[in-house]
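Residue numbers (the numbering used here): 2 to 163. Cβ coordinates follow ideal geometry from the N, Cα and C atoms, glycine included. Every value quoted in this text rests on a predicted model; they were computed, and no experiment measured them. Below is one structure; the comments refer to it alone.
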């Protein structure tokens with residue numbers, strides 16, 4: 002029986018996932034991993050899928066709600082993953098996205114620091130309109146003074162106060 006650890010952003014990690022992370026991330030185009038489905042690839046895919054799904058599932062889109070929190074996450078940052086039933090060691094979340102970072106123990110187990118960035122996707126009509134505003138703009142306050150550009154529609158959602 003293989004030893005399982007849970008220090009990798011909540012994932013039940015085997016030593017083989019830690020050893021094979023490059024292959025599981027597509028280094029060899031996933032050759033030989035699909036038929037039959039490799040158990041480590043399955044576990045890793047479910048791990049990331051659960052996190053992406055949680056972000057959308059926690060979104061408060063109650064149209065009849067008198068809550069001032071419509072458009073935000075249903076759960077506070079500190080409770081987000083536990084309320085969604087996802088074990089995690091350290092994380093940051095916002096109404097539209099979160100970043101989860103492996104602990105030092107998870108880093109030692111995997112041989113790298115795993116970082117998951119998940120956006121919940123477009124759900125509201127106003128967000129769909131912003132998605133189509135695809136002009137690239139500068140914002141030195143966010144991306145620095147290095148000529149980096151950001152999607153104008155996403156920028157307006159990211160910087161919105163309401």
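| Simplified DSSP assignment, three categories, for residue 60 | In the structure shown, residue 60 sits in a strand (DSSP, three-state: E or B).
| field | Extent of the continuous beta strand (DSSP E) to which residue 119 belongs | value | DSSP places residue 119 inside the beta strand (DSSP E), whose first and last residues are 116–120.
| query | Just curious, the alpha helix (DSSP H) that residue 130 is in, first and last residue? | reply | In the DSSP annotation of this structure, the continuous segment of the alpha helix (DSSP H) that includes residue 130 starts and ends at 126–132.
| request: Determine the DSSP secondary structure at residue 25, reduced to helix, strand or coil. | output: Helix, per DSSP.
| message | Quick check: what's the CA-CA separation for residue 54 versus residue 123? | response | If I take the Cα positions, the gap works out to 13 angstroms.
| In whole angstroms, what is the alpha-carbon distance linking residue 85 and residue 59? | If you take the alpha carbons of residue 85 and residue 59, they lie about 7 angstroms apart.
| Alpha-carbon spacing of residue 142 relative to residue 32, whole angstroms | Residue 142 and residue 32: Cα-Cα distance of roughly 42 angstroms.
| request: Report buried or exposed for residue 146, applying the criterion of at least 16 other Cβ atoms within 10 angstroms of its Cβ. | output: So residue 146 counts as exposed.
| query | Exposed or buried, what is residue 29 when buried is set at 16 or more other beta-carbons lying within 10 Å of its beta-carbon? | reply | Exposed, since its Cβ has fewer than 16 Cβ neighbours within 10 Å.
| From residue 19 to residue 26, what distance separates their C-alpha atoms? | Whole-angstrom Cα-Cα distance: 11 angstroms.
| Local Cβ density within 10 Å of residue 110, reported as buried at 16 or more and exposed below that | Residue 110 counts as buried, since at least 16 other C-beta atoms from the protein chains shown sit within 10 angstroms of its C-beta.
| task | Please name the residue in 154, 56, 116 whose C-alpha comes closest to that of residue 136. | result | With distances taken between Cα atoms, residue 136 lies closest to 154.
| Are the beta-carbon atoms of residue 22 and residue 113 separated by less than 9 angstroms? | Yes. Within cutoff.
| task | Assign residue 101 to one of two classes, buried (16 or more other C-beta atoms within 10 Å of its C-beta) or exposed (fewer than that). | result | Residue environment analysis places residue 101 among the buried positions, since at least 16 neighbouring C-beta atoms fall within 10 angstroms of its C-beta.
| query | Which residues in the same chain have their Cβ closer than 7 angstroms to the Cβ of residue 34, if we skip the five residues on either side of it in sequence? | reply | In the same chain as residue 34, and ignoring 5 residues on each side of it, the C-beta atoms closer than 7 angstroms to its own belong to 42, in chain order.
| query | How is residue 145 classed by DSSP in three states: helix, strand or coil? | reply | Coil.
| field | residue 76 to residue 152 span [Cα, whole Å] | value | Distance between the alpha carbons of residue 76 and residue 152 is about 27 angstroms.
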